[in-house]
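Read through the structure below, which is laid out as structure tokens, and then see the notes.
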Amino acid sequence: MIELGWNPYQKDHEDANGQFEMNWDYSDCLTTGDRHVFFLKFLVKTLAEKHGLRAKIFFPKPFQNLTGNGCHAHISLWEANKINFFESGEKLGLSKIAYNFLGGIMKFAQPLTAFFNPPKK
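All residue numbers for the sequence shown refer to our numbering, where the first residue is 11 and numbers rise by one.
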């Protein structure tokens, strides 16, 4: 990951055996999406196979008796070096673009599960 320029800065053990969280520097949404969805999965599976192991990290609940897996992404909304998410004076403090952004996430929540918690290989 370092050689690829991802700049990983944190890794933590999570709840269940063999569960870890890895964080790397942010980038634009397309680059980050490609890193997560395609290359990271390929990288983890390849490294596991190289060491005679099998990576099952991409299933939401691979073992009934252990904590399930999750995937989350840290997202932000910027334009010209300014965060566009907040607007003072609004009831909830959110801007119009923030409501549209969140509405898009909610509208496409089901298809997004294909990336974040796929049910099968």
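C-beta atoms are modelled at their ideal positions from N, C-alpha and C, and glycine is treated no differently.
Among the options, whose alpha-carbon lies nearest the alpha-carbon of residue i?
i	options	result
Val54	Gln29, Asn94 and Ala119	Gln29
Trp34	Gly99, Ser105 and Trp16	Trp16
His84	Glu31, Leu14 and Phe52	Glu31
Glu100	Ile93, Tyr109 and Lys92	Tyr109
Ile107	Ile12, Asn94 and Ser98	Asn94
Gly39	Ser105, Trp88 and Met116	The sequence shown places Cys at residue 39, rather than the Gly named in the question. That would be Trp88, whose Cα lies nearest to the Cα of Cys39.
In the DSSP assignment, what are the bridge partners of residue i?
i	result
Pro72	Pro72 is not bridged to any residue.
Leu104	Phe96
Between the beta-carbon of residue i and the beta-carbon of residue j, is there less than 9 Å?
i	j	result
Phe125	Gly43	yes
Tyr36	Ser86	yes
Leu14	Phe49	yes
Pro70	Asn127	yes
Leu122	Leu112	no
Inset, instruction - Indicate whether the contact test is met: 3 or more Cβ pairs, each with one atom in the stretch 67 to 78 and one in the stretch 11 to 31, closer than 8 Å. - result: yes
Inset, instruction - Can you check the stretch 14 to 98 for any beta strand (DSSP E) of at least 3 residues that lies completely inside it and give the ranges in chain order? - result: 18 to 23 and 30 to 34
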